[in-house]
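In the UniProt record's numbering, the protein residues as written are 1 to 236.
If you want it as structure tokens, here you go:
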């Protein structure tokens, strides 16, 4: 049987009205939380029982408290708590007719619950137990996003630091000299005076920060391009 999920990976794709009663709500659970939770809780219940368990195929004793999870299988189906050696389970599954001849079977019948069990689900449970339980939810963002946020925060702090120095500084007052030049040159002279005031009133960024900060800004500008406002601050 083949089924199609028209809603897409994120669950936001358009689905025809006739199919909306069967559609999945929300994105695909990539962390496989439902399977992992039930499998871990089932294994923990076996540990808490403190009873001696044995392989459901070869009947040899298995200590569930001290096992190599990559060599011991726990049935992934429902409430079945059958455990077995992976080697024994492979031999048992290979006897299932639909499996083609090969090293790894596709599926088989559990001898305890007699349910059709996929080999991939068996291995998935082994690795989940070997990793120490449920995967903690990722509350943050990607490392690259975290680096960008840290860089943006550092740039904001640097901008506030520069503004504080410029506002709190005491720029030198431009000296006014009475000019005897013709009136035609008065306009150009006043413009030059204003440029001198602006030049003298702002301390260059390189003198405030020093070479180390300037090198850091250059590095960040390559990794994370600055915004227009931050670029103007960089050119001071």
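Glycine included, every Cβ here is placed at the ideal spot set by N, Cα and C.
Cα-Cα separation, residue i to residue j
i           : j           : result
residue 99  : residue 93  : 8 Å
residue 47  : residue 73  : 14 Å
residue 69  : residue 80  : 17 Å
residue 251 : residue 101 : This structure gives no information on residue 251, because the portion of the chain shown stretches from 1 to 236.
residue 122 : residue 51  : 23 Å
residue 82  : residue 129 : 15 Å
residue 120 : residue 106 : 7 Å
residue 37  : residue 71  : 21 Å
residue 49  : residue 126 : 20 Å
residue 87  : residue 103 : 11 Å
residue 43  : residue 114 : 19 Å
residue 97  : residue 91  : 12 Å
Reduced DSSP secondary structure (H/G/I, E/B, other) of residue i
i           : result
residue 33  : helix
residue 125 : helix
residue 46  : helix
residue 59  : coil
Beta-carbon spacing of residue i, residue j below 9 Å
i          : j           : result
residue 57 : residue 111 : yes
residue 35 : residue 131 : no
residue 45 : residue 54  : no
residue 77 : residue 33  : no
Buried/exposed call for residue i, threshold 16 Cβ in 10 Å
i           : result
residue 211 : exposed
residue 84  : buried
residue 108 : buried
residue 41  : exposed
residue 89  : buried
For residue i, the residue or residues it bridges with in DSSP
i           : result
residue 107 : 118
residue 89  : BP columns for residue 89 are empty, so no partner.
residue 74  : 83
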